[in-house]
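Trainee:
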Amino acid sequence: MVAPEQVLEFWLDKVGPKGWYAVDEAVDAEIRERFMTTWEAARAGGLSLWLTYPSGALAYLILTDQFSRNMFRDNGTAFALDTAALGVAKLSICKGWDLKIDAAARQFFYLPLMHSENLCDQDRCIRLMVERMPPSAANNLLQTQAHREVIRQFGRFPYRNDALSRQPTRGEQDYAAKGGYGHTLRQLQADVAA
1 MVAPEQVLEF WLDKVGPKGW YAVDEAVDAE IRERFMTTWE AARAGGLSLW
51 LTYPSGALAY LILTDQFSRN MFRDNGTAFA LDTAALGVAK LSICKGWDLK
101 IDAAARQFFY LPLMHSENLC DQDRCIRLMV ERMPPSAANN LLQTQAHREV
151 IRQFGRFPYR NDALSRQPTR GEQDYAAKGG YGHTLRQLQA DVAA
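Going by UniProt numbering, 161 is the number at position 161 of the sequence shown; the sequence numbering is gapless.
1) What residue range is occupied by the uninterrupted alpha helix (DSSP H) comprising Asn-70?
2) Beta carbon of Ile-101, beta carbon of Ser-55: below 9 Å?
3) So what does DSSP say about Met-133, is it helix, strand or coil?
4) Consult DSSP for Thr-77 and reduce its assignment to one of helix, strand or coil.
5) First and last residue of the alpha helix (DSSP H) that includes Phe-35?
6) Look up Leu-119 in the DSSP assignment and say whether it is helix, strand or coil.
7) In angstroms, rounded to a whole number, what distance separates the CA positions of Glu-172 and Val-27?
8) Between which two residues does the alpha helix (DSSP H) containing Lys-18 stretch?
9) Compare the beta carbon distance of Phe-79 and His-115 with 9 Å and say whether it is the shorter of the two.
10) Count the other CB atoms within 10 Å of the CB of Leu-113; is the residue buried (16 or more) or exposed (fewer)?
11) Rounded C-beta distance between Asp-123 and Arg-148? I'm assuming under 8 Å.
12) Express the C-alpha separation of Ser-165 and Pro-17 in angstroms, rounding to a whole number.
13) Would you say Leu-111 and Arg-152 are within 9 Å of each other, going by their C-beta atoms?
14) For the stretch 132-143 against the stretch 72-86, do three or more pairs of beta-carbon atoms, one drawn from each stretch, fall closer than 8 Å, so that the two count as touching?
15) Applying the 10 Å Cβ sphere with the 16-neighbour rule, what's the burial state of Asp-24?
16) Excluding sequence positions up to five away, which residues of its chain have a Cβ less than 7 Å from the Cβ of Arg-156?
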């Protein structure tokens, strides 16, 4: 297992903002190699000491919400710890721990809400992005709005259907044929530009 500081050093310093949302098999492989045992400990209900202070909670959220998506791309296991991450994010936000973290990293307290298939969580994520993130994070806000739009329309993220063995609806199939999430994002960008 690794310490919370090792998660933060790797994700915030080594990978950094340019790599956070990139699809990079080398980064995914390194995350699996370095952090799988710690991720499994979190899945088993461990790491409770991480949840007693702001940077520990941040490391937990990166491990359970972000690293899951890197380690298990296109697999339902990518979402296995979403409920745990969401609970930790909500508790941390209530304690104001997100505000004790630099703005660039603060977004990781809000992403479990953005990844939730619940419209109330989506609405709260947008409020937090507006109220607690700097104006320079406008692209994060746009991404959050696009996620909310998908949940408004379908009540779930259709692009998870295959990984979660969910049967797509006709509307979801039409959505995918039009470009899916990318289409939603481009529409919102056009609305902002107009």
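Beta carbons: idealized from backbone N, C-alpha and C, even for Gly. Note that the structure is a prediction, hence the values are computed from the model and not measured.
Mentor: The relevant details are as follows:
1) 68-71 is the extent of the alpha helix (DSSP H) around Asn-70.
2) Yes.
3) For Met-133, the three-state secondary structure derived from DSSP is coil.
4) It is helical.
5) In the DSSP annotation of this structure, the continuous segment of the alpha helix (DSSP H) that includes Phe-35 starts and ends at 25-43.
6) Annotated three-state conformation of Leu-119 is helix, per DSSP.
7) Those two C-alpha atoms are separated by around 31 Å.
8) Where Lys-18 is concerned, the enclosing alpha helix (DSSP H) stretches over 16-20.
9) Contact flag set, yes.
10) The residue is buried, with at least 16 neighbouring Cβ atoms inside 10 Å.
11) For Asp-123 against Arg-148, the beta-carbon gap comes to about 7 Å, under 8 Å, which counts as contact.
12) Roughly 32 Å between the two C-alpha positions.
13) Their beta carbons are not under 9 Å apart, which means Leu-111 does not touch Arg-152 by this criterion.
14) Segments in contact, no.
15) A residue is called buried once 16 or more other Cβ atoms fall within 10 Å of its Cβ, and Asp-24, having fewer, is exposed.
16) Residues Glu-117 of the same chain have their beta carbon placed closer than 7 Å to that of Arg-156, with the five preceding and five following residues left out of the count.
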